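Enquirer: Position one of the sequence shown corresponds to residue 4 (our numbering), numbered consecutively onward.
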Amino acid sequence: MNLHKKKEKLPIPLTSTTATSMQQTKETCTNLNCFFCLMKEPKSSIRREGLANCFKEMPLTNDHEHVLVLSGLWNIAMTQPDDPEFPSLGIFNCMASLIHRGLIDRDWLLRDQNLYIPYYAAHVIGSYTMNKVEFAEKAVDSGVIPPLMELFRGKMSWVEQRVAVRALGHLASYESTFESVAKYEEELVNLAMDLASNCLEVVYVNYVGVKDKSKRLNYHCDLLTRGVGGMEMENRKAEEWASQIQCWSLYLLNCFAIKERSINLMCEKEFLKDLCGMWGGLVNHSSAAGVGLIRLLCYTEIGRKRISESPEVIEKLCNLSRSSDDWQYMGIDCLRLLLNDADTRNKVIHTATLCLVDLIEIRTLGGKTNVGEAIAKALLTDFRQTKSKIVDSKVERALEEIWDMKVERRRKEKRLSSENVEEKRVLVSLIKQQGNHSFSVGEIEEALLKYTEGLELCPMRLRKDRIVLYSNRAQCHLLLNDPDSAISDTTRALSLSTPVNSHSKSLWRRSQAYDMKGLAKESLMDCLMFVNRFIGSETTKHVKIPYYAARMITKQMEISWLFAIAQSKTASDHMDKAKQADGDNEASSNEDSNFEMLRMMTKNKAFATGLSTIVEEPLIRKGGSGRGKLERSKERKNAALAVSQ
4 MNLHKKKEKL PIPLTSTTAT SMQQTKETCT NLNCFFCLMK EPKSSIRREG
54 LANCFKEMPL TNDHEHVLVL SGLWNIAMTQ PDDPEFPSLG IFNCMASLIH
104 RGLIDRDWLL RDQNLYIPYY AAHVIGSYTM NKVEFAEKAV DSGVIPPLME
154 LFRGKMSWVE QRVAVRALGH LASYESTFES VAKYEEELVN LAMDLASNCL
204 EVVYVNYVGV KDKSKRLNYH CDLLTRGVGG MEMENRKAEE WASQIQCWSL
254 YLLNCFAIKE RSINLMCEKE FLKDLCGMWG GLVNHSSAAG VGLIRLLCYT
304 EIGRKRISES PEVIEKLCNL SRSSDDWQYM GIDCLRLLLN DADTRNKVIH
354 TATLCLVDLI EIRTLGGKTN VGEAIAKALL TDFRQTKSKI VDSKVERALE
404 EIWDMKVERR RKEKRLSSEN VEEKRVLVSL IKQQGNHSFS VGEIEEALLK
454 YTEGLELCPM RLRKDRIVLY SNRAQCHLLL NDPDSAISDT TRALSLSTPV
504 NSHSKSLWRR SQAYDMKGLA KESLMDCLMF VNRFIGSETT KHVKIPYYAA
554 RMITKQMEIS WLFAIAQSKT ASDHMDKAKQ ADGDNEASSN EDSNFEMLRM
604 MTKNKAFATG LSTIVEEPLI RKGGSGRGKL ERSKERKNAA LAVSQ
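Here it is, written out as structure tokens:
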């Protein structure tokens, strides 16, 4: 099929829209099945019949403008994913056949600009199936799963894996199409686990870490930045896409976990530890990433058992629970589920208690009310019976404190009159001033004792006074080089604040404490929240972010960079990397030879033009609080550096 017999060859547009493509089509086009001419056909019956024939013929014919049609279809699918016209005319059969042809016919794939076709075809499938179950059913009936699986297996490159796992995730999310995907269950789950764990290293080694631009795949550069961006833009987009690969792989695993399928596979020890480091990324702010899957696993008996046996996972959940991350409530949920299970309670209570004791006064979090009460209830289950079995004195004191605050002090303070409360408030204020004076003259330990005395006397209902006392005592702990106590006190202050995690000084102090412990991500989140609060409290137009906050953000972003681990591994293993490169050149495996083949062929001038950058839909379409602050972290850093002295 020659779509435009008398029309000159067009480069792939930087911004592909159907309207632009139609304007570029010459009036002299005589092909009855020309896609762009058919799109202008005013008579619906003729238009639909022509488009149906176009979709049938396209995989069977050779034409250098197939990619132009595919880019137009992609744009339509992204902007009008719920329009039933193309799905009803056979677009899924067409896309599946094009992917299949690209995988089995290398001569065709490497002709003209056909190398782009599998990527666009998989993306079109994913776009049309992300909202409508009837489209997903039609796609499955059209045979899209086998070619998508081939791309998912890595038969081309990570770029095609990204859109393949996206499409498979959509198909697995519907009840009526899940089983069709589940026919590949064991392989698919293993592939998704491997991709989630290793995709960052793959993207870094094969793209971001390649400093010589001439050695990067040209068509990858075009897809990432439309062919007009420099290496900085390419690296930024590659970072976003790598994060999307990871999050879409986890989304696919979630589809199985929520049905309690392949739980044993997902609870593999090393993968559970990997999950703790999967953080959602820079643009996937609606994805709970690793902790989202961990929470699903905690709803299963096998999952709770395996997670409770991993000290590293429990520690990460504790750190998340005492953070300003949007998914803090998920960390708390996981720990509560483990505590409420008699078979896992004793394995986690020692670690969880020292963390959760700081959170028992949270009122609302993650859309849930009485969160602190639920935490206290989970910790105090069978308290009197199990107290004698606890050998850790710190844990015993923490449980005693919870009992005192939630039972004893509450009972006593119910009898306090308003006058009594006011008298205590005045006395506490005096003690706080004494502590402030001791702090100002450098008597840090004396100040700490005064703040502690004030906390013991302060009625629990005086939440604002207690916030200040906890935060001030945390500052003393910082100066005394005790970051653990500082984290505990700042977390208590932030749990008392309304809304939760909104007390600026405590955010900054906890950020410092996490920095002292080498917990970069937790420190970064607190510092970003601190900057947000700082900006929100300023009334002037020219906000000047403190230099110390800008410096902290810069430091922690460098440490917690998405590719930091891959970069470190590559740097420390330079010799192995060279050997692996030799192996690639020798085409020691199908995947290696495919990648090397693509690298060599895309040096051709035929791949010099650019394609449109993808704007993804949210990873999780229902629910989720969002991760705006994480998405804006780079912008915050740049803004902070720009306005600071």
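Each residue gets a CB set at the ideal place from its N, CA and C atoms; glycine is no exception. None of these values were measured; they are calculated from a predicted model.
Starting from D85, follow the alpha helix (DSSP H) in both directions and report where the run begins and ends.
Expert: Position 82 of the sequence shown, counting from 1, holds the residue named residue 85. That residue, D85, is in no alpha helix (DSSP H); it is neither H nor E in DSSP.
Enquirer: When you compare only the Cα positions, how much space is there between E459 and D197?
Expert: The residue given as residue 459 occupies position 456 in the sequence shown. The residue given as residue 197 occupies position 194 in the sequence shown. Cα to Cα, the separation comes out at about 52 Å.
Enquirer: Do the CB positions of I128 and L151 come within less than 8 Å of each other?
Expert: The count along the sequence shown starts at 1 and reaches residue 128 at position 125. The count along the sequence shown starts at 1 and reaches residue 151 at position 148. Yes. Within cutoff.
Enquirer: Mind checking which residues open and close the alpha helix (DSSP H) that includes D110?
Expert: The residue given as residue 110 occupies position 107 in the sequence shown. Looking at the DSSP string, the run of the alpha helix (DSSP H) that includes D110 is R109 to L112.
Enquirer: Got a sec, what are the start and stop residues for the alpha helix (DSSP H) D329 sits in?
Expert: In the sequence shown, the residue the question calls residue 329 occupies position 326. Looking at the DSSP string, D329 is not in any alpha helix (DSSP H), and its letter there is neither H nor E.
Enquirer: For T501, name the three-state secondary structure that DSSP assigns.
Expert: Mapped onto the sequence shown, residue 501 falls at position 498. Three-state DSSP puts T501 in coil, outside helix and strand.
Enquirer: Which residues in the same chain as N343 place their Cβ atom closer than 7 Å to its Cβ, once the five residues preceding and following it in sequence are excluded?
Expert: Locating residue 343 in the sequence shown gives position 340, counting from the first residue. Contacts found: A381.
Enquirer: Within 10 angstroms of the Cβ of W282, are there 16 or more other Cβ atoms? Answer buried if so, exposed if not.
Expert: Taking the sequence shown and counting its residues from 1, the one referred to as residue 282 is at position 279. Label assigned to W282: buried.
Enquirer: When the Cβ atoms of the stretch 506-518 are set against those of the stretch 527-540, are three or more pairs found closer than 8 Å?
Expert: Yes, they touch.
Enquirer: Determine the burial state of E68: buried for a count of at least 16 other Cβ atoms within 10 Å of its Cβ, exposed for fewer.
Expert: Indexing the sequence shown from 1 puts residue 68 at position 65. E68 comes out buried.
Enquirer: Starting from the C-beta of L300, find all residues in its chain whose C-beta is less than 7 Å away, skip the five residues before and the five after it, and write them out in chain order.
Expert: Your numbering for residue 300 matches position 297 in the sequence shown. Only A260, I266, M269, C270, G306 and I310 meet the Cβ criterion.
Enquirer: Note down, one range per segment and in chain order, each alpha helix (DSSP H) of at least 4 residues found wholly within the stretch 251-339.
Expert: You should have 266-269, 272-279, 292-301, 304-311 and 314-324.
Enquirer: Since I believe W161 is in contact with V206 (beta carbons under 8 Å), could you give me their beta-carbon distance rounded to a whole number of angstroms?
Expert: One-based indexing of the sequence shown puts residue 206 at position 203. One-based indexing of the sequence shown puts residue 161 at position 158. 6 Å between Cβ atoms; contact.
Enquirer: State whether the stretch 350-361 contacts the stretch 544-559, with contact taken as three or more CB pairs (one from each stretch) at a distance under 8 Å.
Expert: Too few Cβ pairs lie closer than 8 Å, so no.
Enquirer: In this structure, does DSSP put T367 in helix, strand or coil?
Expert: Numbered from 1 along the sequence shown, position 364 holds the residue referred to as residue 367. Strand.
Enquirer: Check the C-beta distance from K520 over to P486 and give it rounded, since I have them as a contact under 8 Å.
Expert: On the sequence shown, residue 520 is found 517 positions in, with the first residue counted as 1. On the sequence shown, residue 486 is found 483 positions in, with the first residue counted as 1. Contact flag correct, Cβ pair sits at about 5 Å.
Enquirer: Suppose the cutoff is 6 Å on Cβ atoms and the five residues either side in sequence are ignored; what does the same chain contact list for K572 look like?
Expert: Looking up residue 572 in the sequence shown gives position 569. If we look at K572 and ignore the five residues flanking it on each side, it has no Cβ neighbours.
Enquirer: Considering only residues of the same chain and omitting the five flanking positions on each side of N65, which have a CB-CB separation below 8 Å?
Expert: Taking the sequence shown and counting its residues from 1, the one referred to as residue 65 is at position 62. Counting only Cβ-Cβ distances below 8 Å, and skipping sequence neighbours, we find W111 and R114.
Enquirer: What do you get for Y550, buried or exposed, if any count of 16 or more other CB atoms within 10 angstroms of its CB means buried?
Expert: The residue given as residue 550 occupies position 547 in the sequence shown. It is exposed - the Cβ of Y550 has fewer than 16 other Cβ atoms within 10 Å.
Enquirer: Between C40, P462 and E304, which lies nearest to R418 when the distance is taken from Cα to Cα?
Expert: Counting from one through the sequence shown, the residue named residue 418 turns up at place 415. Nearest C-alpha to R418: P462.
Enquirer: Can you name the start and end residues of the alpha helix (DSSP H) that Q559 belongs to?
Expert: If you number the sequence shown from 1, residue 559 lands on position 556. First-last of the alpha helix (DSSP H) with Q559: Y550 to I562.
Enquirer: Cα-Cα, which of S326, R464 and M408 is closest to D518?
Expert: Stepping through the sequence shown from its first residue, residue 518 is reached at position 515. Of the candidates S326, R464 and M408, the one whose C-alpha sits nearest the C-alpha of D518 is S326.
Enquirer: Give every residue of the same chain whose Cβ lies closer than 7 Å to the Cβ of S100, excluding the five residues on either side of it in the sequence, and list them in chain order.
Expert: Numbered from 1 along the sequence shown, position 97 holds the residue referred to as residue 100. If we look at S100 and ignore the five residues flanking it on each side, its Cβ neighbours are P62.
Enquirer: Closest to E153 by C-alpha separation, out of V136, S200 and G105, would be which residue?
Expert: Numbered from its first residue, the sequence shown carries residue 153 at position 150. It is G105.
Enquirer: Within 10 angstroms of its Cβ, does T180 collect 16 or more other Cβ (buried), or is it exposed?
Expert: Numbered from 1 along the sequence shown, position 177 holds the residue referred to as residue 180. By the 10 Å Cβ count, T180 comes out buried.
Enquirer: Mapping the DSSP letters down to three states, classify T666 as helix, strand or coil.
Expert: Absent from the structure is residue 666, since the part of the chain shown begins at 4 and ends at 648.
Enquirer: Does DSSP put L601 in a helix, in a strand, or in coil?
Expert: Here residue 601 corresponds to residue number 598 of the sequence shown, with the count starting at 1. Caution applies to L601, whose pLDDT of 45 falls short of 50 and renders its modelled position unreliable; the value that the coordinates give is listed next. Correct three-state label for L601: helix.
Enquirer: Per DSSP, which residues does T455 bridge with? Please list them.
Expert: Taking the first residue of the sequence shown as 1, we reach residue 455 at position 452. According to DSSP, which records beta bridges pairwise, T455 is partnered with nothing at all.
Enquirer: Tell me, please, which residues DSSP counts as bridged to T372.
Expert: Taking the first residue of the sequence shown as 1, we reach residue 372 at position 369. DSSP lists T367 as partners of T372.
Enquirer: If you drop the 5 nearest sequence neighbours on each side, which residues of the same chain put their C-beta closer than 6 Å to that of A199?
Expert: The residue you call residue 199 lines up with position 196 of the sequence shown. Within the same chain, A199 has close Cβ partners Q249, S252 and L253.
Enquirer: With a floor of 4 residues, list each alpha helix (DSSP H) that falls wholly inside the stretch 115-159, ordered by position along the chain.
Expert: Segments of the alpha helix (DSSP H) lying fully in the stretch 115-159: 120-131, 136-144 and 148-155.
Enquirer: My guess is that E242 and L565 are in contact by the Cβ rule of under 8 Å, so how many angstroms apart are they, rounded?
Expert: In the sequence shown, counting from the first residue as 1, residue 242 sits at position 239. In the sequence shown, counting from the first residue as 1, residue 565 sits at position 562. With 8 Å as the limit, E242 and L565 qualify as a contact, their Cβ atoms being about 5 Å apart.
Enquirer: Which whole-angstrom value describes the C-beta separation of L527 and S563, a residue pair presumed to lie in contact below a C-beta threshold of 8 Å?
Expert: For the purposes of this step, residue 527 is identified with residue 524 of the sequence shown, where counting begins at 1. For the purposes of this step, residue 563 is identified with residue 560 of the sequence shown, where counting begins at 1. The pair is a contact, with the Cβ atoms about 6 Å apart (cut-off 8 Å).
Enquirer: Distance, Cα to Cα, S91 vs L226?
Expert: The residue given as residue 91 occupies position 88 in the sequence shown. The residue given as residue 226 occupies position 223 in the sequence shown. Looking at the two C-alpha atoms, the distance is approximately 28 Å.
Enquirer: Run the CB neighbour count on K186, radius 10 Å, all protein chains shown included, and call it buried at 16 or more, exposed below.
Expert: Along the sequence shown, one-based indexing puts residue 186 at 183. Flag for K186 reads exposed.
Enquirer: With 16 other CB atoms within 10 Å as the buried threshold, where does T347 fall?
Expert: The count along the sequence shown starts at 1 and reaches residue 347 at position 344. Buried.
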